[in-house]
Each structure stands twice: as structure tokens, then as C-alpha cells.
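Using my numbering, the first residue of the sequence shown is number 3, and each one after it goes up by one.
Quick reminder that beta carbons are idealized off the backbone N, C-alpha and C, glycines included.
The next block holds one structure in the form of C-alpha cells; read it before the comments.
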Amino acid sequence: MAETALRHRGERVAGLTLGQAFAAAASVLRQAGCETPELDARLLICEAAGLTHEAYIARARDEVAPEIAARLDASIGRRLKREPVSRIIGSREFYGRSFLVDPNALDPRPDTETLIEAALELVERNGWQKRPLKLLDLGTGTGCILITLLAELPQANGLGTDISAAALALAAANARRLGVATRASFIAGDWLDAIGGEFDLILANPPYLAASEIALLSREVAEFDPRLALDGGPDGLDAYRRITARAGQVLAPGGRILVEIGATQADDVAEILRGAGLRLDEAIGIRPDLAGRPRSVMAGV
Ligand SMILES: C[S@@+](CC[C@H](N)C(=O)[O-])C[C@H]1O[C@@H](n2cnc3c(N)ncnc32)[C@H](O)[C@@H]1O
Numbered sequence: 003m004a005e006t007a008l009r010h011r012g013e014r015v016a017g018l019t020l021g022q023a024f025a026a027a028a029s030v031l032r033q034a035g036c037e038t039p040e041l042d043a044r045l046l047i048c049e050a051a052g053l054t055h056e057a058y059i060a061r062a063r064d065e066v067a068p069e070i071a072a073r074l075d076a077s078i079g080r081r082l083k084r085e086p087v088s089r090i091i092g093s094r095e096f097y098g099r100s101f102l103v104d105p106n107a108l109d110p111r112p113d114t115e116t117l118i119e120a121a122l123e124l125v126e127r128n129g130w131q132k133r134p135l136k137l138l139d140l141g142t143g144t145g146c147i148l149i150t151l152l153a154e155l156p157q158a159n160g161l162g163t164d165i166s167a168a169a170l171a172l173a174a175a176n177a178r179r180l181g182v183a184t185r186a187s188f189i190a191g192d193w194l195d196a197i198g199g200e201f202d203l204i205l206a207n208p209p210y211l212a213a214s215e216i217a218l219l220s221r222e223v224a225e226f227d228p229r230l231a232l233d234g235g236p237d238g239l240d241a242y243r244r245i246t247a248r249a250g251q252v253l254a255p256g257g258r259i260l261v262e263i264g265a266t267q268a269d270d271v272a273e274i275l276r277g278a279g280l281r282l283d284e285a286i287g288i289r290p291d292l293a294g295r296p297r298s299v300m301a302g303v
């Protein structure tokens, strides 16, 4: 079965150098309409050869060993079926750290880094760096939000929840991998239903796609991200209504809730927060991403 994905398209890997195999793989992915063929090919060849990017550049003239050719071919075959590169290699970078990913949780997205920036800005503004903060991450998935903040804020502790037990197992593995397991707990639950106590910061990147948007998803997302992580109900806002209804009861005095939103949802989510008796944070409020689209909303009691 080795080399089928490349050979079927007139490309062979055995006998080529790593650099030539990269060019062949990128060409196959480009012809298949992948959006970032060079980047994908580079990540897949580094993974197949067990090389960092720097080592790959240094060894680009080495001949490809047969077992590396077979691994590269298998992963190109998976990519041609639209499986995301992160899923093929089993990890994804988020805010400078490498998270394990699997079919049970959303692949961490760069958009969600906006949430991290807003949270860290709040901590700095309030002088909370030395305070033993309590964080709550609802719908934690891979754990990328909670774990990143625990890594950035060594004095913080946090609870991550999800309705998916399999996602929680992945998040716990990521907490161990990234050295924050002693400050992170994970429990299964339906949004805030079973949560008690007081938290300084509640975070959530809930499923927020409307039914009309689900129908338009790329194959990479529709076939490989869990539906539970995407589907926000008929208008995409179900989870915000559920979460905000109880958020005020579990916020510590001066605490904040910070949610990621879809680019067109700022007004609706702000209205839902106000309807639940929460006020938009005066300084951080609605936060845009690098492209200027509103991507997170912060509010307090
Ligand atoms: C958009 S994903 C976000 C994952 C992760 N926090 C991130 O930012 O990459 C939403 C998460 O919410 C979880 N979820 C969906 N419905 C839920 C519910 N009723 N209660 C708790 N979590 C839920 C999903 O399993 C999924 O992990």
C-alpha cells in the first residue's frame, strides 16, 4: 500500500530526496485544491521523518528512507480525504504551546487566542498577577483555553468542564503534557448546571454556529470536528443563553465572564448578557481579532 497517494498522481517518493518529496507532496496537495499545500506538505514530511523544521532544512538533500516514504504517503492520502493536518499529526499549536488533538474535541483555532489576550489584559489591568485566581472554562474541549491561562498565570487554579467525557480525558492529558495538571481539575457537566462556588473569571468558547452556517462548513470542519463543538442551535445562540442565565451566581465579586463569539454575534450576545443582568466590561467589552472582527465579549455583575 506504500506510496499509493502520491504514485496515483504520478509522483513517487522512494529514491527522491526529502526536498524533492516535499515538492511532490505539495504539488499533489495543490492539484487537489488544498488551501495551504506547501505548509501542509512541510508539516507532514517533518512528522513522517521525525524532524523539526530546522533539521528538515539541514537534511533536505538526504534520500527518503522507505519507511518514511510509506508514512508520508499514508498521511498525504489522509489529507487528500480532507483530514486536517493537525489530526494527522495528532497535535496543534495554540498560543505557542503544542496541544494533543483527537476526534473528540474541536481543533484549537487561532481565533480563540483573542480570548487569551483579553483574559491576560484583564489580569494585568486589575493587578491580579499575584492573586490566587480561580478560573472556570466551560466546554473546555482540548483544554486549550484553561491550560494556556494556567501556564501563563502560575498563581491560578482552574476547573474545566465539558459534556463530553472523551474531551475531558484529552484535556486532562494536555494538562499533564503542559505541566499544569496540579492546578487543573476537570468535570463533566451541562454548562453551569452542576457548578457551585465563586470564580474570578469564567471563560467559554461555546458552539456558536447557526443551522444555516453548519450547512456551509468545509469538509475539514464538517467531517472532522465534533458536531457537539459546532452546533449552537437554530440561531447559534443557545449556549450563550444557557451560560449567562447562571453566570452571575458563580462570579466572585469583581469577577468577569469572557466568551468567544462568531464574527456577527457581538450585538446579540451583548444583549443576552445584559438580559441576564450582566454589564459589559468598560475597558475590554467587545474585542476584535487581528482582522478587526469582534470575536470576544467580556462582562461582569
Ligand atoms: C467550540 S468547542 C470549544 C472547545 C475549546 N474550549 C476551544 O476553545 O477550542 C465547544 C465545546 O463545548 C462542549 N459542549 C457542547 N455542549 C455542551 C454542554 N451542554 N455543556 C458543556 N459543554 C458542552 C463541546 O463538547 C466542545 O468541547
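For ligand 1, is there a heavy atom less than 7 Å away from the beta-carbon of residue i?
i       : result
Gly-191 : yes
Pro-208 : yes
Asp-283 : no
Ser-166 : yes
Leu-147 : For the sequence presented, residue 147 should be read as Ile rather than Leu. Ile-147 Cβ: within cutoff of ligand 1.
Leu-140 : yes
Pro-110 : yes
Ala-231 : yes
Gly-307 : Residue 307 lies beyond the range of the chain shown here (3 to 303); nothing can be said about it.
Thr-19  : no
Ala-158 : no
Ala-169 : yes
Gly-98  : no
Ala-212 : no
Ala-121 : no
Gly-92  : no
Ala-174 : no
Thr-184 : no
Gly-2   : Nothing in the structure corresponds to residue 2, since the chain is present only between 3 and 303.
Gly-198 : no
Gly-294 : no
Pro-238 : First, the amino acid is wrong: residue 238 is Gly here, not Pro. Flag unset: Cβ of Gly-238 not near ligand 1.
Gly-256 : no
So what does DSSP say about residue i, is it helix, strand or coil?
i       : result
Asp-192 : coil
Asn-176 : helix
Pro-290 : strand
Arg-243 : helix
Arg-63  : coil
Gly-277 : helix
Ala-4   : The predicted model places Ala-4 with a pLDDT of 41, which falls under 50 and marks its position as unreliable, so this point remains unresolved.
Phe-96  : strand
Gly-198 : coil
Gly-314 : The displayed coordinates of the chain run from 3 to 303. Any statement about residue 314 would go beyond what the structure contains.
His-168 : Note on identity: in this sequence residue 168 is Ala, with His being the wrong assignment. Note: Ala-168 maps to helix in three-state DSSP.
Leu-31  : helix
Pro-112 : helix
Pro-255 : strand
Ala-107 : coil
Ser-88  : helix
Ala-186 : strand
Phe-226 : coil
Ala-265 : coil
Ala-217 : coil
Leu-53  : coil
Cys-36  : coil
Thr-150 : helix
With which residues is residue i paired in a DSSP beta bridge?
i       : result
Lys-136 : Asn-159
Asp-233 : Leu-211
Thr-19  : Glu-65
Leu-124 : According to DSSP, which records beta bridges pairwise, Leu-124 is partnered with nothing at all.
Pro-296 : Pro-290
Arg-81  : Beta-bridge pairing links Arg-81 to no other residue.
Leu-205 : Asp-139 and Leu-260
Leu-102 : Ser-93
Ala-301 : Ile-259 and Leu-282
Using 8 Å for Cβ pairs, my map puts residue i next to residue j. What's the rounded Cβ distance?
i       : j       : result
Phe-201 : Gly-257 : 6 Å
Ala-190 : Ala-167 : 5 Å
Leu-135 : Leu-155 : 6 Å
Leu-282 : Ala-120 : No, Leu-282 and Ala-120 are not in contact; Cβ-Cβ is about 12 Å, not under 8 Å.
Ile-197 : Tyr-242 : Not confirmed; about 16 Å, so no contact.
From the beta carbon of residue i, is the nearest beta carbon of chain B less than 8 Å away?
i      : result
Ala-27 : Although the question refers to chain B, the structure presented lacks it and comprises just one protein chain.
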